[in-house]
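Participant:
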Amino acid sequence: MNTLDPRTPVVIGAGQINDRFGSDEYQGLSAVGLAAAAAEIAVADTHAAGRLSEAIDTVAGIRQFEISKPGVPVPLGRSNNYPRSVAKRLGADPARAILDVAGGQGPQHLVTEIAGEIAAGRSRVALLFGSEAMSTAQALVGAECPPDFTETVAGNLEDRGYGLSGVMSREFANHGLIGPPAQYALLENARRARLKLSRSAYAEEIGRLFAPFTAVAAVNPYAAAPTARTAEELMAVTGTNRLIADPYTRYVVSRDKVNQGAALVLTSIEAARELGVPEDRWVYLHGHADLRDRPIMDRPDLADSPVARLACELALEMAGITTADVTSWDFYSCFPVPVFMAAIDGLGLDADDPRGLTVTGGLPFFGGAGNNYSMHAIADTVDRARLRPGTFGFVGANGGILHKYSAGVYSTEPTPWRAEPYVERAMQAVVDNAAEVPQVTRAEGWSRIESYTILHGRQGARTGLLIGRLDDTNERFVARTAEDDELLGVLAETEQPIGKRFWAFNVAAGNRATTTPRARLPVRSTPGLFASHKHVAVARDNHLLVVTLNRPDARNALTPPAHEELDCIFDEFFDDPDLWVAIITGSGDQAFCAGNDLVYSATSGKPNYLPASGFAGLTHRRAMTKPVIAAVNGYALGGGFETALASHLCVADESAQFGLPEVRVGLIAAAGGVVRLPRAIPEKLALELLVTGRRIDAREAQALGLVNRIAPSGQALSVAKQLADEIMANSPTSVRLTLELHEKTRAIADVVTAVNARTSVMNDLFSTADLVEGMTAFADKRPPRWLNQ
238 MNTLDPRTPV VIGAGQINDR FGSDEYQGLS AVGLAAAAAE IAVADTHAAG RLSEAIDTVA
298 GIRQFEISKP GVPVPLGRSN NYPRSVAKRL GADPARAILD VAGGQGPQHL VTEIAGEIAA
358 GRSRVALLFG SEAMSTAQAL VGAECPPDFT ETVAGNLEDR GYGLSGVMSR EFANHGLIGP
418 PAQYALLENA RRARLKLSRS AYAEEIGRLF APFTAVAAVN PYAAAPTART AEELMAVTGT
478 NRLIADPYTR YVVSRDKVNQ GAALVLTSIE AARELGVPED RWVYLHGHAD LRDRPIMDRP
538 DLADSPVARL ACELALEMAG ITTADVTSWD FYSCFPVPVF MAAIDGLGLD ADDPRGLTVT
598 GGLPFFGGAG NNYSMHAIAD TVDRARLRPG TFGFVGANGG ILHKYSAGVY STEPTPWRAE
658 PYVERAMQAV VDNAAEVPQV TRAEGWSRIE SYTILHGRQG ARTGLLIGRL DDTNERFVAR
718 TAEDDELLGV LAETEQPIGK RFWAFNVAAG NRATTTPRAR LPVRSTPGLF ASHKHVAVAR
778 DNHLLVVTLN RPDARNALTP PAHEELDCIF DEFFDDPDLW VAIITGSGDQ AFCAGNDLVY
838 SATSGKPNYL PASGFAGLTH RRAMTKPVIA AVNGYALGGG FETALASHLC VADESAQFGL
898 PEVRVGLIAA AGGVVRLPRA IPEKLALELL VTGRRIDARE AQALGLVNRI APSGQALSVA
958 KQLADEIMAN SPTSVRLTLE LHEKTRAIAD VVTAVNARTS VMNDLFSTAD LVEGMTAFAD
1018 KRPPRWLNQ
């Protein structure tokens, strides 16, 4: 007689479905339809004598790929409440509905979490499921009468969001590292370098690892690609097996065009008994672990995954078993490296382990059913545990780019529920407390390759992507190849590119890599200061430069090409000794600048970046040693307000409006607003403006000290020119050194310490011709003739 706590959790049902496109049985099911079909199979699999569906109090759904990132289109429509849509199909009305975060760790993580809820008495019967209809969506979106999978279902939903913090990187995106193949390839190549294997030897290792996976998939009725292949076939580059990202061919990359669903039923043993579920259907979770790694660029060793290794070890330890006690394994296998790092490097298994490293066939062959793959692995593991009572099955589930790892050990052998959060926290601390990695965003100088890959386009285009370390500082950075076939040759043909030297330099869009400084691309692709510009107008009046943002149809909102023009213009302004003051203003009478052009960002498909000098070429610029005046005519919003804050002085039209509305569109004022505004006005008021997006008019801005002068309507530029004349009547050398001294001492809080701070400014002043001219002119009672020397 089982004497366990009646709240002990057990898996009592598992179900899977594959609606293979083109087969005789193809039904064209939606994601909801697939999950519901799998759930019905799981419910039937319990052999329950009672009405199990009516007893379900919790449903938890895995997020489909098409709703795993913001802004991704859902071409055939979706349910507004995926978990409840599935529950409704089964006639269930649960008290709780969960839509989990994105990531392949989700199925195992949910099993562990919901098992804990059952053990704590907060749930008795739970249904977990996930599905993908990507193949159907791709095939039918262009049909004459495509199906509409839109559903609206009432009821509460615990939507946990995307869960992409630390997984997605703007820096990676700007360099073209936007897909899993390229990012995993960086880890793969780092591992090859650590093992000191040749290209061919490592390709053999990948083939040897995955060939047995294809054999498993070949006999799995739910597999998307049931074809057995040899190791040589997997890695041979052919017309149908092209290179994707070095070292990956298409055959070893996760297959995402699938129509698959899987579901599990979890209950307490008390509920299982009440429902009449035979005990030979019960499978216990003996061990489990959930760990999270840092973003890729923060990891000390790109060739290692401590979270995969430690999670696997912890789950086995909790179960009280060793690797020798496990009968079946399944390691998340979207690419080879997660299997290598968890199974081979982590647990010391062999690629040809007679037990196999997958129960499904793996993501490239069984099918990468989106975030839900491991639900299929758990379902197969449950089936195998029942066929061989008392044996142990292991599932390792990976999310992100080895960012998240969840592991579980399953058996029909009865066991009490175990939860050891203190051990898990200790293991997480090992990862979190690892050494910090020095990094730099904008790299310049001789560097060495830490890892790399080459992206291969369908038409033969190649792009090299690198993680490098600067020779002088050892700072890590990401870069891509410039127009340099020689460096591409090094990456593609050198036996081991890692450790090779290259030259890094920075352009507005990011870091570029070449073989030598001589191969460096011209940094400036924009015209000179007074040439014709597409987005900006430039005019000179003796020592005054007037820069006009010239996109009135977009309220002078700026795009990356406009920022690049302004970057060049202000570089040349600060370098030209005959230009003493600059005014920046906007064309038309509606707006000074409405910030970033969000329409361009959303529709161009191009990276949205800023040059090193920041928004409008000003907000990130360090050496602003000449006065810049913002002449604000109309709206100064977002980056426009940040540009005004970055300017030394500000003249505002009486109708001007200032605001940082980024939070209203899901952004933050990261081009300087969050930093500068609380330093310019009382902190609490600044934070109010930042978190509400509230606008202030010219009078309030002046009262707060953000505006120097208010001009009559339409006269902001005219008044700014008057202010510039007052400045230019003085020594340009004194003005420049005044700004320099201010910049060097502004961060010193104590006034006396700041006054006494040692700088070179006064020494520089006493060696100038303007000092002599100013004092001489004063003595002669005549206007000075400034030499700017």
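Here the sequence shown stands for residues 238 to 1026, where the numbers follow our numbering.
Every residue gets a Cβ at the ideal spot worked out from N, C-alpha and C, and that includes glycine.
Bear in mind that the values here come from a model prediction, so they are computed numbers and not experimental data.
#1: Would you kindly report the start and end of the unbroken beta strand (DSSP E) that includes VAL865?
#2: My output table needs one value for ARG932: the three-state DSSP class, helix, strand or coil.
#3: Hey, ARG288 and GLU507 are a contact pair by Cβ (cut 8 Å); roughly how many whole angstroms apart?
#4: Could you check if PRO814 belongs to the surroundings of the ligand PLP, using beta carbon to heavy atom distance under 7 Å?
#5: For PHE810, name the three-state secondary structure that DSSP assigns.
#6: Quickly, what does DSSP pair GLN676 with across the bridge? List them, please.
#7: Could you check where the alpha helix (DSSP H) with GLN420 kicks off and where it finishes?
#8: Between VAL632 and VAL248, is the Cβ-Cβ spacing less than 8 Å?
#9: Within its chain, find whatever has a CB closer than 7 Å to the CB of ALA448; leave out the 5 residues flanking it on each side and keep chain order.
#10: Rounded to a whole number of angstroms, what is the C-alpha to C-alpha distance between VAL667 and PRO591?
#11: Assuming CYS887 is part of the alpha helix (DSSP H), what are its boundary residues?
#12: By Cβ distance, which residues of its chain are closer than 6 Å to PHE572, with the 5 residues on each side in sequence left out?
#13: Just the C-alpha distance for TRP654 and GLY416, rounded to the nearest angstrom, thanks.
#14: Does DSSP put CYS830 in a helix, in a strand, or in coil?
#15: Report the rounded CA-to-CA distance for LEU724 versus GLY910, giving the unit in angstroms.
#16: Nearest CA to the CA of TYR319: which residue from ASP337, LYS306, PRO307?
#17: Could you give the DSSP three-state label for ASN635: helix, strand or coil?
#18: Quick one: residues in its chain with C-beta nearer than 7 Å to the C-beta of LEU480, no 5 flanking neighbours on either side, listed in chain order?
#19: Using the rule of at least 16 other Cβ atoms within 10 Å of the residue's Cβ for burial, across every protein chain shown, is ARG1022 buried or exposed?
#20: With a threshold of 8 Å, are at least 3 pairs of Cβ atoms found where one atom belongs to the region 552-567 and the other to the region 515-531?
#21: Please report the Cβ distance between ARG706 and SER684, rounded to the nearest whole angstrom; I am assuming they are in contact, meaning their Cβ atoms lie under 8 Å.
#22: Checking 8 Å against the spacing of the C-beta atoms, do SER267 and ALA370 come in under that value?
#23: Please check the pair ASN918 and ALA935, which I expect to be a contact at CB under 8 Å, by giving their CB distance rounded to whole angstroms.
#24: Going by DSSP in three states, HIS857 sits in which element: helix, strand or coil?
#25: So what's ASN609 in DSSP terms, helix, strand or just coil?
#26: Taking the alpha-carbon positions, what's the LEU847 to ALA680 distance?
#27: Considering Cα atoms alone, identify which of GLY259, ALA881, ALA622, CYS805 is closest to ALA938.
#28: CA-CA distance, TYR988 and ARG995?
#29: From the DSSP output, in three-state form, read off SER762 for me.
#30: Cα separation between ALA276 and GLN253?
#31: To which residues of the same chain is PRO759 closer than 7 Å at the C-beta, ignoring the five residues directly before and after it?
#32: Is it true that the region 657-667 meets the region 566-584, where meeting means three or more beta-carbon pairs spaced less than 8 Å apart?
#33: What are the partner residues of ASP567, as DSSP defines its beta bridges?
#34: Assess contact between the region 605-622 and the region 297-304, defined as three or more Cβ pairs (one per stretch) separated by less than 8 Å. Is contact present?
#35: Residues bridged to TYR647 by DSSP?
#36: Quick one: give me the first and last residue of the beta strand (DSSP E) that SER505 is part of.
Facilitator: For this structure:
#1: 865-869
#2: coil
#3: The pair is not a contact, with the Cβ atoms about 17 Å apart (cut-off 8 Å).
#4: Absent from the structure shown: the ligand PLP. Ligands present: none.
#5: helix
#6: ARG713
#7: 417-432
#8: no
#9: ARG466, THR467, ALA468, LEU471
#10: 33 Å
#11: Run containing CYS887: none in the alpha helix (DSSP H); it sits in the beta strand (DSSP E), 886-890.
#12: TYR421
#13: 39 Å
#14: strand
#15: 40 Å
#16: ASP337
#17: strand
#18: VAL474, THR486, HIS693
#19: exposed
#20: yes
#21: 6 Å
#22: yes
#23: Checking the sequence, you will find Ile at residue 918 rather than Asn. Not really, about 15 Å apart at Cβ, beyond 8 Å.
#24: coil
#25: helix
#26: 15 Å
#27: ALA881
#28: Position check: residue 988 holds Val in this sequence, whereas Tyr was assumed. Using only the alpha carbons, I get a separation of about 13 Å.
#29: Here SER762 scores only 46 on pLDDT, less than 50, and its place in the model should not be relied on; the value that follows carries that caveat. Correct three-state label for SER762: coil.
#30: 8 Å
#31: With a pLDDT of 47 at PRO759, under the threshold of 50, the modelled position of this residue cannot be trusted, and the question is left open.
#32: no
#33: VAL632
#34: yes
#35: LEU522, GLY630
#36: 496-505
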